[in-house]
Amino acid sequence: MLKWRINDGKILAHHRRNGFSVEYSGHKQKVNCLGCIGGLMVCGSRDRTARIWTLSSNCPGGTVPMNDKVWSVAISPTQRCELLCCLGSEFQRDAGVLDIVYESPFQQLTCGYDTYIRSWDLRLSPRKCVIEWEEPHDSALYCIQTDGNHMIASGSSYYGVLRMWDK
160 MLKWRINDGK
170 ILAHHRRNGF
180 SVEYSGHKQK
190 VNCLGCIGGL
200 MVCGSRDRTA
210 RIWTLSSNCP
220 GGTVPMNDKV
230 WSVAISPTQR
240 CELLCCLGSE
250 FQRDAGVLDI
260 VYESPFQQLT
270 CGYDTYIRSW
280 DLRLSPRKCV
290 IEWEEPHDSA
300 LYCIQTDGNH
310 MIASGSSYYG
320 VLRMWDK
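The sequence shown begins at 160 in our numbering and counts up by one.
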């Protein structure tokens with residue numbers, strides 16, 4: 160089980176099996192998000208960086224500078240520890256991606272403040288999304304999940320509405 164501290168930019172990992180805790184420090188501001196698969200952990204912060212860690216070491220394995228606060232991270236199923244590309248290029252300021260979900264190693268869904276769910280396919284182009292759906296009530300989308308086939312569920316800030324989208 161992983162827990163992170165709210166204000167000091169440190170992550171406290173507590174391992175239930177053996178009962179010990181490890182502290183990972185490296186961010187200068189609050190940690191906003193965390194993703195973990197196997198022995199790999201990625202976290203994003205208000206300090207405009209994403210950091211990559213192996214759980215066997217408390218030193219960051221890499222730091223990815225970003226142009227904005229990092230609100231969401233997702234680890235590719237291929238678990239490669241390198242920046243492959245940046246999705247999109249022509250978005251309005253403060254469009255803010257708030258959630259990312261992988262459907263396959265090459266396909267992901269994103270959602271955010273700008274009220275859109277976008278589907279990306281890295282095999283086609285990382286600069287332009289394949290398809291997008293717009294929230295009809297002009298409300299920020301905070302989270303998404305998918306069954307990987309036909310449905311997407313999104314949570315919005317508009318009265319806590321949960322929408323089901325048919326791809």
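Ideal Cβ positions, reconstructed from N, Cα and C, are used throughout, including at glycine.
Remember, predicted model here, so these are calculated numbers, not experimental data.
- One Cα belongs to cysteine 288, the other to serine 263, and the distance between them is close to 15 Å.
- In this structure, tryptophan 279 sits near leucine 246, with a CB-CB distance shorter than 8 Å.
- Under the three-state reduction of DSSP, proline 224 is assigned to strand.
- For the beta strand (DSSP E) assignment, the uninterrupted runs of no fewer than 3 residues enclosed by the stretch 266 to 293 are, from N- to C-terminal side, 266 to 271, 275 to 280 and 290 to 293.
- In the three-state scheme derived from DSSP, where H, G and I count as helix and E and B as strand, aspartate 258 is classed as strand.
- When Leu268, Leu321, Trp230 and Ile290 are compared, the shortest CA-CA separation from threonine 305 is found for Leu268.
- When secondary structure is reduced to three states using DSSP, aspartate 325 falls in the strand class.
- DSSP, read as helix, strand or coil, puts cysteine 245 in coil.
- DSSP, read as helix, strand or coil, puts alanine 172 in strand.
- Inter-residue distance for methionine 323 and glycine 314 is about 9 Å (C-alpha atoms, whole angstroms).
- Of the other Cβ atoms in all chains shown, fewer than 16 fall within 10 Å of the Cβ of glycine 307; this residue is therefore exposed.
- Pairing glycine 168 with glutamine 188 gives a Cβ-Cβ distance under 8 Å.
- Burial is judged here by how many other beta carbons sit within 10 angstroms of a residue's own beta carbon; arginine 210 has at least 16 and is buried.
- Within the same chain, and ignoring the five residues on either side of glycine 194 in sequence, the residues whose Cβ sits closer than 8 Å to its Cβ are Met200, Val201, Cys202, Val232, Ala233 and Ile234.
- 8 Å or more divides the Cβ of isoleucine 303 from the Cβ of isoleucine 290.
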